[in-house]
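Peer 1:
There are 2 protein chains.
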Amino acid sequence: MPSYHHGNLRAALLAAAERGLREHGADQLSLRELAREAGVSHAAPRRHFADRQALLDALGEAGFARLDDELRAALTGAGPGFVPRLHAVAAAYLRFATEDAALLELMYARKHTEGADRLVAAAAAPFGLMNDLIIQGQTENILEPGDPQRVGIVFFATLQGIATLINGNLVAPDLLTGITETAVDQFLRGSRRR
Amino acid sequence: MPSYHHGNLRAALLAAAERGLREHGADQLSLRELAREAGVSHAAPRRHFADRQALLDALGEAGFARLDDELRAALTGAGPGFVPRLHAVAAAYLRFATEDAALLELMYARKHTEGADRLVAAAAAPFGLMNDLIIQGQTENILEPGDPQRVGIVFFATLQGIATLINGNLVAPDLLTGITETAVDQFLRGSRRR
DNA sequence: CACCATTGTTGTCACCGCATACATTGTTGA
DNA sequence: TCAACAATGTATGCGGTGACAACAATGGTG
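Protein sequence lines correspond, in order, to chains A and B. Count the first sequence with full-length UniProt numbering and you get residues 1 to 194, in order. Count the second sequence with full-length UniProt numbering and you get residues 1 to 194, in order.
1. Any C-beta of chain A sitting closer than 8 Å to the C-beta of residue 98 of chain B?
2. Under the three-state reduction of DSSP, which class applies to residue 29 of chain B: helix, strand or coil?
3. Nearest CA to the CA of residue 210 of chain B: which residue from B:102, B:6, B:42 and B:129?
4. By the 8 Å beta-carbon criterion, what residues does the region 76 to 106 of chain B contribute toward chain A?
5. Between which residues of its own chain and residue 37 of chain A is the CB-CB distance below 6 Å, once the five residues before and five after are set aside?
6. Restricting to Cα atoms, I'd like to know which of B:165, B:154, B:46 and B:105 is closest to residue 229 of chain B.
7. Give the range of the alpha helix (DSSP H) segment to which residue 85 of chain B is assigned.
8. Determine the chain A residues that contact residue 110 of chain B at a beta-carbon separation under 8 Å, and present them in chain order.
9. Verify the CB distance criterion: does residue 49 of chain A have a CB-CB separation below 8 Å to chain B?
10. Check whether chain B comes within 8 Å of residue 157 of chain A, counting only Cβ atoms and requiring the distance to be less than that.
11. Buried or exposed, going by whether 16 or more other CB atoms sit within 10 Å of the CB of residue 19 of chain A?
12. Our contact map puts residue 45 of chain A next to residue 31 of chain A with C-beta atoms below 8 Å; I'd like the distance itself, whole angstroms only.
13. What residues from the region 173 to 185 of chain B come within 7 Å of chain A, judged by C-beta to C-beta, listed N to C?
14. Taking only runs that begin and end inside the region 106 to 153 of chain B, name each unbroken alpha helix (DSSP H) of 4 or more residues, in chain order.
15. Does DSSP classify residue 184 of chain A as helix, strand or coil?
16. So is residue 32 of chain B in contact with chain A if we call contact Cβ pairs under 8 Å?
17. Taking C-alpha atoms, which residue in A:78, A:125 and A:34 lies nearest to residue 62 of chain A?
18. Do you know how far the Cα of residue 93 of chain B is from the Cα of residue 121 of chain B?
19. List the whole-angstrom C-beta distance separating residue 127 of chain B from residue 156 of chain B, where the pair is believed to meet the contact cut-off of C-beta under 8 Å.
20. The alpha helix (DSSP H) with residue 24 of chain B in it runs from where to where?
21. Do you know how far the Cα of residue 49 of chain B is from the Cα of residue 194 of chain B?
22. Tell me which residues share the same chain as residue 142 of chain A and place their Cβ nearer than 6 Å to its Cβ, disregarding the 5 neighbours each side in the sequence.
23. What does residue 150 of chain A reach in chain B if we use C-beta pairs closer than 7 Å?
24. Going by other Cβ atoms of all chains shown within 10 Å of its Cβ, with 16 needed for buried, is residue 76 of chain B buried or exposed?
25. Can you give me the C-alpha to C-alpha distance between residue 158 of chain B and residue 118 of chain A, rounded to a whole angstrom?
26. In the UniProt DNA-binding region "H-T-H motif" (30 to 49) of chain A, which residue ranges form an unbroken alpha helix (DSSP H) of at least 4 residues, counting only runs that do not cross its ends?
27. Would residue 65 of chain B pass as a contact of residue 88 of chain B if the rule is Cβ separation under 8 Å?
Right, dumping it as structure tokens:
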């Protein structure tokens, strides 16, 4: 016999929302449906999220946290060399992006509310990881000197753009590996000191 | 006294939808509101669009057509030199992308319906333009030999990724010019024959 | 001019988000 | 230990939506 207090409703709603997002996309996510899945009344979610958009923003924030985790895990497995680390980050990014396409869309959607500040703040971690990696390349004289923030943003943008084209059915998924390697190769031979 | 037959309802709905998209974003677009603006009953739009998603797909298709027009116009104004043409295309892409951020989201959203085939087909034109530009660069020995499709897709992805970061408030808009120039510079110096 | 296709209208249903008022339980401080 | 308050539920209401079905009006065609 379930009690009146769920006890962990916010987390349960987010978990259900991630499943729903994966299966049906963001447009089909509904607070009422999530409430039914969690076994509470339809108004209960509004005690944990100001509105539907706030729940979507929370999903996006969790997405950037998980992206950061996966990029760091990829770096750990790649060893100390800059070039293998760059390849590892690119591969991990695109794996995350193509496996969780609907979440990616949420993460990068235009932000309408002030409540999206936490989402934007969460993005700083993977951006910082990329920045640090560029600085490593420059310190080791593999990359030319230059503004690491700009260089890192361009590389990050390239990965995100590739994911968008693949997820949007504008580029065939079987081209992914080749395009990713072309992207890293172009990035390196363009920034590599001569 | 308006007649029973609107006479040009499909075009009127699309025009109203573009205005609504620009002002409020895709999420706030509603068939009933568009019908009211066009002065017809709420069910009339369904005579021209199978459902709401079909209208959104039509907007995306028009977006790719307009993007292609703007890229070609930029090329016309850039003269024959490959490098100025590349810069012109990059600038025109990002101008379009940042001025019509909501439309851009629609163009690149994940496609759920079979009806999105026309949208994907419409994307072929700007992709083809980019492909042709890469071939020009390779023919003139400014770019290294290589698969022009892959190279063009990576460059296209980079521009789209930059637009996504800017439009998603993940990168400050005032960084746009510098990042775009860095992107073109990295692209050239990476693919430029040495 | 009749018939058919196209394109409208009216009405309905089920769903939704959001808001308000009230109810139940958990926590805290005296 | 208990009262007060906060947190977190429920019930109800409202206005809007998308999609669908049945019917109506007009335009085009043979």
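No residue lacks a Cβ here, since even glycine has one placed at the ideal position from N, Cα and C. Quick caveat, the model's predicted, so the values are computed rather than measured.
Peer 2: On the basis of the data shown:
1. Among the CB atoms of chain A, none fall inside 8 Å of the CB of residue 98 of chain B.
2. It is coil, neither helix nor strand.
3. Here chain B has residues from 1 to 194 only, and residue 210 of chain B is not among them.
4. Within the region 76 to 106 of chain B, the residues whose Cβ lies closer than 8 Å to some Cβ of chain A are 101, 102 and 105, listed in chain order.
5. Around residue 37 of chain A: 16.
6. Since the first residue of chain B shown is 1 and the last is 194, residue 229 of chain B is not available in this structure.
7. Unbroken alpha helix (DSSP H) run through residue 85 of chain B: 82 to 99.
8. Those within 8 Å of residue 110 of chain B in chain A are 25, 101, 102, 105, 167, 168 and 169.
9. Put simply, the CB of residue 49 of chain A is far from chain B, with every gap to its CB atoms at 8 Å or more.
10. At least one chain B Cβ lies under 8 Å of residue 157 of chain A.
11. Label assigned to residue 19 of chain A: exposed.
12. Contact flag correct, Cβ pair sits at about 5 Å.
13. Those residues of the region 173 to 185 of chain B that come within reach of chain A (Cβ to Cβ, closer than 7 Å) are 178, 179, 182 and 183.
14. The region 106 to 153 of chain B contains these whole alpha helix (DSSP H) runs: 117 to 139.
15. Under the three-state reduction of DSSP output, residue 184 of chain A falls in the helix class.
16. It does not: the Cβ of residue 32 of chain B has no partner Cβ on chain A nearer than 8 Å.
17. Here the closest residue by C-alpha is A:125.
18. Between residue 121 of chain B and residue 93 of chain B, the C-alpha separation is close to 19 Å.
19. Yes, residue 127 of chain B and residue 156 of chain B are in contact; Cβ-Cβ is about 7 Å, under 8 Å.
20. First-last of the alpha helix (DSSP H) with residue 24 of chain B: 9 to 24.
21. Because residue 194 of chain B carries a pLDDT of 46, less than 50, the predicted location of this residue cannot be relied on, and no value is offered for it.
22. Within the same chain, residue 142 of chain A has close Cβ partners 82.
23. Result: 178, 179 and 182.
24. Residue 76 of chain B comes out exposed.
25. Taken atom to atom, the span from the alpha-carbon of residue 158 of chain B to that of residue 118 of chain A is near 26 Å.
26. Those alpha helix (DSSP H) runs which fall completely within the UniProt DNA-binding region "H-T-H motif" (30 to 49) of chain A and span 4+ residues are 31 to 38.
27. No, these two residues do not count as a Cβ contact at 8 Å.
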